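Numbering (the working numbering), first residue to last: 149 to 460.
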């Protein structure tokens with residue numbers, strides 16, 4: 149059996165996976181707080197818990213983290229996991245478990261899970277776009293998962309779409325995730341409320357300053373005209389970045405995942421409509437399919453495990 153971990157800034161999630169079917173046999177959750185050695189001990193504890201509970205041996209493990217995860221198993225950069233930066237979590241976990249360990253980016257791992265088990269099946273050229281607090285992406289091209297020279301492929305959220313745009317927390321000006329993340333949707337809702345175009349948001353949140361993306365999505369689902377306009381503008385920003393990815397990589401499918409995928413059909417159809425408007429040469433290309441991810445919050449841990457299975 150294989151273990152897949154999704155290590156975030158708050159929690160570490162572990163899945164015990166049958167690599168032949170992708171079935172999840174057991175799961176466990178623990179805090180990801182602490183330094184590198186403490187996290188290794190936490191992950192080993194999760195493995196022991198699942199081994200004991202299921203009676204299955206573990207043959208390999210995979211770890212998905214948000215940030216730049218080097219092929220060597222060292223996390224080079226991760227705003228969510230600063231205590232893990234430059235710690236050799238891959239080699240240390242491998243030593244502690246006694247099995248091969250693969251470390252990779254969480255969105256890349258989610259991409260591979262969707263390719264093998266979810267909404268990417270049947271496509272050899274697609275992008276997984278995880279819309280959450282930021283944007284993470286991953287790519288399958290000609291049937292192969294793209295990881296890049298160092299394992300850093302997929303940092304498309306930092307792709308600049310407006311060089312004269314506002315400054316982001318990274319110090320960049322106008323990166324895609326400034327305009328098209330969950331953080332951006334909340335900001336767009338607050339701006340619309342301040343301009344008198346989203347009064348429902350004030351009611352739901354208590355004040356314009358308290359509006360989040362959840363308020364916008366909920367109000368849009370209830371048919372509020374102001375929220376629908378905000379969401380449409382947001383879909384345009386998502387599609388603007390997606391169009392760039394399609395132009396560079398000639399993708400045939402876009403899989404929308406992350407927390408904002410819970411918006412569902414309004415997000416999918418909105419991005420698809422705007423992509424048709426913004427993509428250069430759209431009338432001369434096959435239609436790029438836009439679909440919703442199927443694996444939800446399990447995607448990164450599942451994909452990390454499936455990537456580790458390839459080590460065997």
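Every residue gets a Cβ at the ideal spot worked out from N, C-alpha and C, and that includes glycine.
Because the structure is a prediction, the values reported are computed rather than measured.
Under 7 Å between the Cβ atoms of residue 361 and residue 333?
yes
Are the segment 231 to 248 and the segment 393 to 400 in contact at 8 Å, needing three or more beta carbon pairs?
no
Quick check: the segment 215 to 231 against the segment 403 to 423, are at least 3 beta-carbon pairs closer than 8 Å?
no
In whole angstroms, what is the alpha-carbon distance linking residue 197 and residue 211?
17 Å
Top-ranked residue by Cα proximity to residue 440, from 453, 416, 449, 420
416
Reducing DSSP to helix, strand and coil, say where residue 150 ends up.
strand
Measuring alpha carbon to alpha carbon, tell me which residue in 181, 403, 206, 370 is nearest residue 165.
206
Could you spell out the range, first to last residue, of the beta strand (DSSP E) harbouring residue 319?
First-last for residue 319: undefined, no H or E at that position.
Please list the terminal residues of the continuous beta strand (DSSP E) segment that includes residue 224.
223 to 225
Inter-residue CB distance, residue 457 and residue 208 (contact presumed, cutoff 8 Å)
6 Å
Taking residue 174 as the reference, give the member of 189, 199, 192, 181 with the closest Cα.
199
Among 290, 341, 382, the one whose alpha carbon lies nearest that of residue 148
Only positions 149 to 460 of the chain appear in the structure, and residue 148 is not among them; the question remains open.
When DSSP builds the beta bridges, which residues end up paired with residue 211?
153, 251
Determine the direct distance from the alpha carbon of residue 191 to that of residue 452, and round the result to whole angstroms.
14 Å
Rank 408, 319, 372 by C-alpha distance to the C-alpha of residue 349 and give the top, closest one.
372
Using 10 angstroms around the beta-carbon of residue 291, count the other beta-carbons present and answer buried if the total reaches 16, otherwise exposed.
exposed
Looking only at its own chain, which residues have a Cβ that is under 6 Å from the Cβ of residue 419, when we skip the five neighbours before and after it?
383, 386, 387, 438
Taking the straight line between their C-alpha atoms, what separation do you get for residue 380 and residue 335?
14 Å
Given a threshold of 16 other Cβ atoms within 10 Å of its Cβ, counted over all protein chains shown, does residue 269 qualify as buried or as exposed?
exposed
Quick check on this structure: which residue in 296, 289, 285, 293 has the alpha carbon closest to the alpha carbon of residue 306?
285
According to DSSP, residues forming a beta bridge with residue 175
163
Give the single residue among 278, 172, 426, 402 whose Cα lies nearest to the Cα of residue 328.
278
Assigned secondary structure, residue 343 (DSSP; H/G/I helix, E/B strand, else coil)
coil
Are the CB atoms of residue 405 and residue 276 nearer to each other than 7 Å?
yes
Residue 172 and residue 163 closer than 7 Å at C-beta
yes
Return the bridge partner residues of residue 286 from the DSSP annotation.
276
Measuring only the C-alpha atoms, how far is residue 444 from residue 186?
28 Å
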